Amino acid sequence: MVGGVEIGNGAKVAVQSMTNTHTQDVDATVKQISELEELGCNIIRVAAPNSEAAACLGEIKKRINIPLVADIHFVHQLALDAIEQGVDKIRINPGNMQDKEMLKKIIVSAKNKGVAIRIGVNSGSIRDRNIDNNGEEEDLVELMVKSTLDYCEYFESLGFKDLVLSVKTSDVPSTIRAYRMIAGECEYPLHLGVTAAGPPALATVKSAIGIGSLLADGIGDTLRVSFTGLPHDEVRAGYEILETLGLSERKTAEIISCPTCGRCEIDLADIVDKVKKRLPQKGKNLQVAIMGCPVNGPGEAKESDIGMAGGKGFGLLFKKGKKVKKVDEKDMVDALIDEIENMS
Ligand code: SF4
């Protein structure tokens, strides 16, 4: 359990994100977490890079409704502070915490407080790679998995098993290989992600392939899509991956839209973008078709629960296959959203 959220053991895959506010700006951090929670974020991680940030964790925790994870690197005391502040989980990379005695203190303290720990080993934290007999460097993925399992053994030797593991890299094939390997070696829940995946469009592709392949294999218990951008988009993308694979209990309206061609007479990309941003996030298991032209559009639009087929400066609105009305292009977004909201 991470706070009230069960991880692993057949529980639904939890969607995580990480705030990009300064953690010590409590109001801004709480505001962003509330927005992410509204989008369906199940678990939130915040950075605790210094004692000022760590000291604010208790206050943040009090003001939010989803489990709080503190992300700690290098400074052992910050992990102890975070646990003391009542966070639900800490994420550490033991490779960044060389002082074994202090690491032991963290583990004992987390155990006493019922705080879970994610051992997050990233490819960037593996520094020492030996040269094998063939003159080649040791395999990075194997090293990551081995070092994670070694850490698990150490935690277990202290009676600590409340672990989540991650073995992210920024390279998709390596990430997939690392997770497949570790999933074959242990039973701990796995947090999936492709690290430093880049700007949203690229990160979506990388994450959909990396996280999606693993989920399709039945591997993974929580996920974070990493974007250079807003965490809100990370949560949306996380759900899109789960929904695409039929792994989300949450149902949102699905948009089908055509690629447009020379027949299109409306600004379809803008309309789709606006509708997507205003889609209700919960409770609407609907298919919404937004098609560009008066030739093929109506047929496609009719197949969906709600459809709009573009004409020259107007759109024809369809509901369950029946034409409902003709609307001006400027009113198409409002008309679609009204219909979506009124449909169950
Ligand atoms: S629906 Fe119409 S505008 Fe869209 S791609 Fe097909 S033919 Fe082109």
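Sequential numbering of the sequence shown, starting at 6, is according to our numbering.
For each residue, glycine too, the CB sits at the ideal point set by N, CA and C.
The model shown is predicted, which means the values in this text are computed figures rather than measured ones.
Buried versus exposed, by CB contacts within 10 Å (16 or more), residue i
i: D222; result: exposed
i: S56; result: exposed
i: N98; result: buried
i: P204; result: exposed
i: R283; result: exposed
i: E344; result: buried
i: L207; result: exposed
i: E239; result: buried
i: I122; result: buried
i: A16; result: exposed
i: L108; result: buried
i: Q29; result: buried
i: Q37; result: buried
i: K118; result: exposed
i: L341; result: buried
i: A274; result: exposed
i: R268; result: exposed
i: F79; result: exposed
i: N47; result: buried
i: V172; result: buried
Closer than 6 angstroms: residue i CB and nearest ligand 1 heavy atom
i: G297; result: yes
i: C61; result: no
i: T233; result: no
i: R268; result: yes
i: T265; result: yes
Residue i CB to nearest heavy atom of ligand 3 below 6 angstroms
i: T180; result: With respect to ligand 3, the structure offers nothing, as its ligand set consists of ligand 1.
DSSP beta-bridge partners of residue i
i: H27; result: Paired residues: none, contrary to the question.
i: L322; result: M313, K330
i: L73; result: I49
i: Q21; result: I48
i: M296; result: A314
i: T227; result: A19, H196
i: E259; result: Q292
i: R1; result: One cannot answer for residue 1 here, as it falls past the ends of the chain, which runs 6 to 349.
i: V210; result: In the DSSP output, where bridge partners are listed per residue, V210 has none listed.
i: V7; result: V10
Uninterrupted beta strand (DSSP E) stretches inside the stretch 116-178 (no shorter than 3 residues) = Within the stretch 116-178, the complete beta strand (DSSP E) segments at least 3 residues long are 121-125, 168-171, listed from N- to C-terminus.
Entirely enclosed beta strand (DSSP E) segments - the stretch 87-116, minimum 3 residues = Counting only runs of at least 3 residues, the stretch 87-116 fully encloses the following beta strand (DSSP E) elements, listed from N- to C-terminal order: 94-97.
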